[in-house]
Amino acid sequence: MDQFSTLTEQEFTTFAMTHPAGNFLETPEMKHLLERRGWHCEYVGVKREGQLIAACILSKKKVKIGYAFDIDGGILMDYTDKKCIEAFFTGLKKYVKKNDGLYLTFTPNKQICLRDFNGGEVEKVNQETFDYFTSIGFEHQGFDVHNFDGAPRWLFVKDMAGLTEEDLWKSYGKDAKYDIKKTWEYGVTTRELRYEELPLFKKLTEETSARRNFEDKDLAYYQAVYEEFGERAKFMVAELNFATYLENLHEKLRKLQETLNEVNEALIANPKSRKKNNQKREFEDEVRTVRKRIDEAKEMKTSDEPEILAGALFIVHPQEVVYLFSGTYEKYKQYYAPYLIQHKMLTYTVENNIPKYNFYGVDGVFDGSDGVLKFKQSFGGHVEELMGNFQWKAKPMKYALYHALKTIKEKV
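So for the sequence shown, our numbering puts the first residue at 17; every next one is plus one.
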């Protein structure tokens, strides 16, 4: 008989870290992070003859007249196992009601539609599962575009299983290849930040959020992520030492000037040489470009130490590497640093045999207006459309009162 119950952390961890649908939202580290942010969390699941066959993190937070419950990124289960799914939701509803639950929000990590590189529909999937949720009283909150609070409904992901580093490079678009090569030419490097350096990451995301008008996390959040996820949280930055960069540019200019002088000498002897005249124009253009870069670098150089150009936070899970938050200084955008950071972590994913690279949220608008999507597409992959949010009202009359009070408060 299938039995719904609470679980120990060890039971949950053993199950979740090897489950094919496992993700960073369903980890002990995320539970601890949520608890630090004011949520109370339990591990719950279903056992069959003592064997765990379904599990998730169930979170709750106090609201005016009860508790709001939430499941994000779960449930880790075989959704085709009808006995298991029925046992889970029957037990879940009883648990929520028993613990003064007002409503439950559920965001399954399940696709509703398979999509291609450009977001075009390939095939509808999991309709039976979707219909089951609505049949047991869960109200779907709509097939929205753009991201909402919590897990996004639209993702861009790249399948990595079996790829070599050579395969990875071949899979990139021409823009990504060009920009990564430019970072190598400039001398941009990447590294992980230490805990005490997290204010540098916060400064970066703060500047970016102000420029692009999105809400940033506070420093305490980034510190908590670092503390809870440990080595599996990668705060990556790309840097450029402008002093070294200037030295290299001056050396490049010197060599170009020498070559240009040789071409000019050849033209004195043969001024009508088409080949030499073409070479002269090309080298003169290169000299102008290098001199422009030297002038720009002189303005950028504030010390002899490397300057942070861009950064991003990644979470490493056995099933995927997730790209969560990032920032780029506008004044350094011509150095293409975000491309090198992505290449570094995509290569890390290949090296560690992780089957999926999750670029995470995109808007779900495919008319060419989403610049974030274009950036992610340059590395190859496809769009995933998830089911989205469901909500179940444990106490409908109380919920109606709660919703009315909340609406009044928002209007005041």
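No residue lacks a Cβ here, since even glycine has one placed at the ideal position from N, Cα and C.
Bridge-paired residues (DSSP) for residue i
{"i": "H56", "result": "K76"}
{"i": "D88", "result": "T123"}
{"i": "A254", "result": "T206, A326"}
{"i": "W170", "result": "E401"}
{"i": "A259", "result": "Paired residues: none, contrary to the question."}
{"i": "E3", "result": "Given that the chain is displayed from residue 17 to residue 428, the structure contains no residue 3 and the question cannot be resolved."}
{"i": "G107", "result": "Partner(s): none; G107 has no beta bridge."}
{"i": "K63", "result": "Q19, L68"}
{"i": "F341", "result": "L329"}
{"i": "D175", "result": "K372"}
{"i": "A249", "result": "I331"}
{"i": "G117", "result": "Y83"}
Proximity winner among the options, relative to residue i (alpha-carbon distances)
{"i": "F245", "options": "S385, F40, L389, D301", "result": "F40"}
{"i": "I73", "options": "Y83, K80, E51", "result": "E51"}
{"i": "S151", "options": "F20, Q407, K422", "result": "Q407"}
{"i": "G136", "options": "A416, Y415, G384, F391", "result": "G384"}
{"i": "G107", "options": "M17, P36, K190", "result": "M17"}
{"i": "M93", "options": "F258, K250, T145", "result": "T145"}
{"i": "Q239", "options": "V279, Y188, F149, F251", "result": "F251"}
{"i": "H56", "options": "P412, D97, V161, N115", "result": "N115"}
{"i": "E139", "options": "Q127, E302, A285", "result": "Q127"}
{"i": "Y352", "options": "F149, Y202, H419, K109", "result": "Y202"}
As assigned by DSSP and simplified to three states, the class of residue i
{"i": "S225", "result": "helix"}
{"i": "E155", "result": "strand"}
{"i": "K308", "result": "helix"}
{"i": "Y188", "result": "coil"}
{"i": "E315", "result": "helix"}
{"i": "D377", "result": "This sequence places Gly at residue 377; Asp is not what is there. In the structure shown, G377 sits in a strand (DSSP, three-state: E or B)."}
{"i": "I69", "result": "strand"}
{"i": "D97", "result": "coil"}
{"i": "I357", "result": "helix"}
{"i": "H35", "result": "coil"}
{"i": "V279", "result": "helix"}
{"i": "F20", "result": "strand"}
{"i": "Q335", "result": "coil"}
{"i": "F406", "result": "strand"}
{"i": "T43", "result": "coil"}
{"i": "F230", "result": "coil"}
{"i": "Y83", "result": "strand"}
{"i": "D386", "result": "coil"}
{"i": "V161", "result": "coil"}
{"i": "N365", "result": "Here residue 365 turns out to be Thr, not Asn, going by the sequence shown. T365: helix per DSSP, three-state reduction."}
{"i": "D320", "result": "coil"}
{"i": "P412", "result": "helix"}
{"i": "K288", "result": "coil"}
{"i": "F217", "result": "helix"}
{"i": "F395", "result": "coil"}
For residue j and residue i, the rounded distance between their alpha carbons
{"i": "D234", "j": "K218", "result": "7 Å"}
{"i": "Y59", "j": "Y348", "result": "44 Å"}
{"i": "E208", "j": "V306", "result": "30 Å"}
{"i": "I101", "j": "E27", "result": "19 Å"}
{"i": "E346", "j": "Y83", "result": "43 Å"}
{"i": "L283", "j": "N264", "result": "29 Å"}
{"i": "L421", "j": "I81", "result": "10 Å"}
{"i": "D320", "j": "A254", "result": "16 Å"}
{"i": "L216", "j": "I69", "result": "43 Å"}
{"i": "T221", "j": "V388", "result": "15 Å"}
{"i": "T423", "j": "G66", "result": "46 Å"}
{"i": "T318", "j": "R53", "result": "38 Å"}
{"i": "K292", "j": "E274", "result": "15 Å"}
{"i": "T29", "j": "K271", "result": "59 Å"}
{"i": "F391", "j": "K99", "result": "43 Å"}
{"i": "R297", "j": "N280", "result": "11 Å"}
{"i": "T205", "j": "K186", "result": "22 Å"}
{"i": "R290", "j": "D301", "result": "17 Å"}
{"i": "N142", "j": "T199", "result": "42 Å"}
{"i": "D97", "j": "L256", "result": "53 Å"}
{"i": "G117", "j": "M176", "result": "41 Å"}
{"i": "L262", "j": "A32", "result": "50 Å"}
{"i": "E155", "j": "A103", "result": "19 Å"}
Within 8 Å, do at least three Cβ pairs link the stretch 80-87 to the stretch 121-133? Flag = yes, the stretch 121-133 and the stretch 80-87 touch.
I want to know whether the stretch 169-184 touches the stretch 364-375 - three or more CB-CB distances under 8 Å. Segments in contact, yes.
Evaluate contact between the stretch 180-197 and the stretch 402-419, counting only Cβ atoms and requiring at least three cross-stretch pairs below 8 Å. No, the stretch 180-197 does not touch the stretch 402-419.
For the stretch 243-260 and the stretch 41-50, state whether three or more C-beta atom pairs, one from each stretch, are separated by less than 8 Å. The stretch 243-260, when compared against the stretch 41-50, does touch it at the 8 Å Cβ threshold.
Are the stretch 351-366 and the stretch 209-229 touching by the rule of at least three beta carbon pairs closer than 8 Å? Fewer than three Cβ pairs drawn from the stretch 351-366 and the stretch 209-229 lie within less than 8 Å of each other, which leaves the two stretches out of contact.
Any 3 or more C-beta pairs closer than 8 Å across the stretch 364-371 and the stretch 380-390: The stretch 364-371 makes no contact with the stretch 380-390, as fewer than three CB pairs between them are under 8 Å.
So does the stretch 294-310 actually touch the stretch 330-341, counting three or more Cβ pairs closer than 8 Å? No contact exists between the stretch 294-310 and the stretch 330-341.
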